[in-house]
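Just so you know, we're using the numbering used here here: the sequence shown kicks off at 44 and counts up by one.
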Amino acid sequence: DDVKDKGGVHVGVGAEQNWLLVGWSKPEVAVMMDFDQAIVDLQHVYFVAFKLAPTKEEFKALWLDKSRKALREGVKAAYAGDERKGALAALDVARWSIERRFAKLETQMAARGLPWFLTDDAQYKTCHDLVVGGRAFAVRGDLTANKTLTAIGAAATTAGLKVRTLYLSNAEQYFMYKKQVRANYKALPFDDQTVVLRTHGWRSLAWAKDGNSYHYNVQT
Numbered sequence: 044d045d046v047k048d049k050g051g052v053h054v055g056v057g058a059e060q061n062w063l064l065v066g067w068s069k070p071e072v073a074v075m076m077d078f079d080q081a082i083v084d085l086q087h088v089y090f091v092a093f094k095l096a097p098t099k100e101e102f103k104a105l106w107l108d109k110s111r112k113a114l115r116e117g118v119k120a121a122y123a124g125d126e127r128k129g130a131l132a133a134l135d136v137a138r139w140s141i142e143r144r145f146a147k148l149e150t151q152m153a154a155r156g157l158p159w160f161l162t163d164d165a166q167y168k169t170c171h172d173l174v175v176g177g178r179a180f181a182v183r184g185d186l187t188a189n190k191t192l193t194a195i196g197a198a199a200t201t202a203g204l205k206v207r208t209l210y211l212s213n214a215e216q217y218f219m220y221k222k223q224v225r226a227n228y229k230a231l232p233f234d235d236q237t238v239v240l241r242t243h244g245w246r247s248l249a250w251a252k253d254g255n256s257y258h259y260n261v262q263t
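See below:
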């Protein structure tokens, strides 16, 4: 409920977590960013899969081992040069883990009664249409540097859009809140509907005793 139907712009760090949030928040634009080029390359594979699959069933099937060739051919047709090389490498490394991750999410979400983009047609359509419509972007970026977030903020402002969901994953565990970091966040056009989501992954903390090492935080 914290992110439901927020619209606006979604900015997020990481891989499939962003697609969960996109399905729930229904943004007009989604920007997936990560410091790790391999994650950006993997998002390029996600883009191909969404374009190849008009339904959630077809999308899920593309990540199965038997569909490896079809997805590889889709990547080859979509990209050239270093983008193709990176996306193919990401697919080879991550395909099996994504297949397992989707199966695990299916169990977890069902236990909580939560629909998500691979069980809900409307949520899948949101993700699919963003990609097909050219409104989903994957960029390499450093939360601490003066480039990517400020550029996203400037583009959103020019388009007259607000960043309604900002997902930081657990990236903040790796740096201090210095002047440039604060400036980067301030450069994003927020409003009173915006939510910031972050995770902290420390198994030693009391709330990790259930075996889940990540604690999810939501703030206005």
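Don't be surprised by glycine CBs; every beta carbon is placed ideally from N, CA and C.
When only Cα atoms are considered, residue 223 and residue 200 end up about 19 angstroms apart. According to the DSSP assignment, residue 76 belongs to the beta strand (DSSP E) that extends over 72-77. When the Cα atoms are used, residue 262 and residue 162 turn out to be separated by approximately 27 angstroms. In this structure the region 235-244 touches the region 206-215; the number of beta carbon pairs closer than 8 angstroms is three or more. Look at the beta carbons and you see the region 183-192 not touching the region 100-112: under three pairs across the two are nearer than 8 angstroms. When beta bridges are read from the DSSP output, residue 208 appears opposite 53, 238.
Of the other Cβ atoms in all chains shown, fewer than 16 fall within 10 Å of the Cβ of residue 217; this residue is therefore exposed. Secondary structure within the region 140-196: the beta strand (DSSP E) runs of 3 or more consecutive residues, fully enclosed, are 179-183 (chain order).
A buried status is given to residue 166, since no fewer than 16 other beta-carbon atoms sit within 10 Å of its beta-carbon. By the Cβ criterion, the region 126-143 is in contact with the region 67-87, since at least three pairs of Cβ atoms, one from each stretch, lie closer than 8 angstroms. Listed in chain order, the non-local C-beta contacts of residue 141 below 6 angstroms within the same chain comprise 106, local neighbours out to five positions each way being set aside. According to the DSSP secondary-structure assignment, residue 258 is paired through a beta bridge with 243.
Here the alpha carbon of residue 76 sits roughly 9 angstroms from the alpha carbon of residue 58. Counting only unbroken stretches of 4 or more residues, the alpha helix (DSSP H) elements lying wholly within the region 72-115 are 80-95, 99-105, in sequence order. In the structure shown, residue 203 adopts coil according to DSSP, grouped into three states.
The three-state reading of DSSP puts residue 58 in coil, since its state is none of H, G, I, E or B. Sixteen is the threshold: when 16 or more other Cβ atoms of the shown chains lie within 10 Å of the Cβ of residue 69, as they do, the residue is buried.
The alpha carbon of residue 90 has as its nearest neighbour, out of 120, 79, 231, the alpha carbon of 120. In this structure, the alpha-carbon of residue 55 lies about 8 angstroms from that of residue 73. Ranked by how close their Cα comes to the Cα of residue 100, the residues 159, 128, 179, 259 have 159 in first place. Comparing alpha carbon positions, the residue from 219, 215, 227, 225 closest to residue 259 is 215.
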